[in-house]
Each structure stands twice: as C-alpha cells, then as structure tokens.
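Asks: Encoded as structure tokens, here's the structure I'll be asking about.
Protein chains in written order, with the numbering used here: chain Y, 6 to 117; chain U, -5 to 106.
Quick look at the structure:
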C-alpha cells in the first residue's frame, strides 16, 4: 500500500470524448508523475508536475494535459479520445529529485 | 533512441528455487536503476533500487547486480515463493531527466 490513490478505477469512453483522471499523492510527496501502460507493455512517461507546474513531458500530444493542486493532488485530462488511448493510467508520487516513485493502482480506460 | 529491455519475456521456476531476471539498458548516462513488481490488476510495487556508483545491493530475499561495463542489470530472488509470481520491470533514469524509462517486463511464474 503506497498511499497513492487514483479514481476512477475503471471507465469506458467513446472516441472523441474527454476524460479526467484523479490522483492523490502520498502524504509529504510534492511531485506527481503520470504514466500510460498499454496491455503487455511497460509504463510510458506522460508528464510530471512539481509546484503546480509541468516540469517534464514524454512523447505525448498536447491533448494530454494535467494539473497539480496546492495539496499536491493531480489530474490527467485527455481530450479527443482515440482508440489507442485505451490503457492503464498510473499516477506516481515522490519527493522532488528522488528516484523512487510510489505508484497507485491505476485507472483502466477503455475507449470504444 | 535509448531503451531499456529485458532478455526473457517469461521465466518459470519451481517454488524454493532462486530466480534471476535480467535487463539490458543502452543509455550510458543512466545513473539510477530500479526494479518494480506488478501483480495483475495492480500498480507497480517498488522492490529495490541501485545507483550507478554501486554494483550490488541486497534487500530482503532480493539482490540487484549492476554491470555498467556491459550495461546489464539483474534481479535475483532467493527461495522464490508463489507470491512472487508477477511481472517484473526494470527501469532507469539519468541525471537531469524527470522520467523513469521502463522495459517491457518479464513474467515470473512460480510452480508449486
């Protein structure tokens, strides 16, 4: 149990819709990272937030966006959903500069 | 581009045996390495990490070995138990980068 909580755990959307996923970080952690994990693959870095600003981004288009709030919780927003966006979305929290990430259980998104 | 990969997609061992999961990386600037365990339907769980100034680190029943010369990382699990059955990911990070880069995973199956 890492103390990182994500919601919702499962959701189904259709192409073109928008989705918001939420994450509460482990107490004391000030950095939140989001990863996308397609079935049978390793997690892929989407972006990281620190002090409410994005401070690192992977190879994902601008329709993937996020927010971090003063209490360090975070949201991942995906617009104009595509079938390939179907995946497990993982949130991880950490201390700034630390290597170890603490992952939540993920939000399973299915796009039909 | 730089990548982290695993030699074997599936490893099957007998309960009580030792398991060795291997991982190759290509980024010579990688200075931090970490192993995660992911059970079905759950998020990745931290097992052990190692920095590039070390070549071995031990935890409870687990040992990570790092060979920087050949860019190779391994996870050894002693006295493998059925509860060790999961997918194992190695991941790496280099200084100045925000993201962990994950490999595609090795499935460990423990036979009773």
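From the three backbone atoms N, C-alpha and C, an ideal C-beta is built for every residue, glycine too. Remember, predicted model here, so these are calculated numbers, not experimental data.
When you compare each of Y:23, Y:39 and Y:43 to residue 78 of chain Y by their alpha carbons, which one comes out closest?
Replies: Y:39
Asks: Sorted by chain position, which residues of the same chain lie with C-beta nearer than 6 Å to residue 27 of chain Y's C-beta, five sequence neighbours on each side aside?
Replies: Closer than 6 Å at the Cβ level, and outside the excluded window around residue 27 of chain Y, lie 12 and 80.
Asks: Per DSSP, residue 59 of chain Y is paired with what?
Replies: Y:54
Asks: Please classify residue 86 of chain U as buried or exposed, where buried requires at least 16 neighbouring CB atoms within 10 angstroms.
Replies: buried
Asks: Is there a Cβ of chain Y sitting closer than 8 Å to that of residue 94 of chain U, yes or no?
Replies: Proximity of residue 94 of chain U to chain Y, defined by a Cβ-Cβ separation below 8 Å, is satisfied.
Asks: Note the first and the last residue of the continuous beta strand (DSSP E) segment covering residue 39 of chain U.
Replies: 39 to 45
Asks: Can you pull out the residues from the stretch 65 to 82 of chain Y whose beta carbon lies closer than 8 Å to at least one beta carbon of chain U?
Replies: none
Asks: Among the residues of its own chain, which have a CB less than 7 Å from the CB of residue 22 of chain Y, if the five just before and after it don't count?
Replies: Taking C-beta separations shorter than 7 Å and ignoring five residues to either side along the sequence, the partners of residue 22 of chain Y in its chain run 86, following chain order.
Asks: Whole angstroms is fine: what's the gap from residue 51 of chain U's alpha carbon to residue 44 of chain U's?
Replies: About 7 Å.
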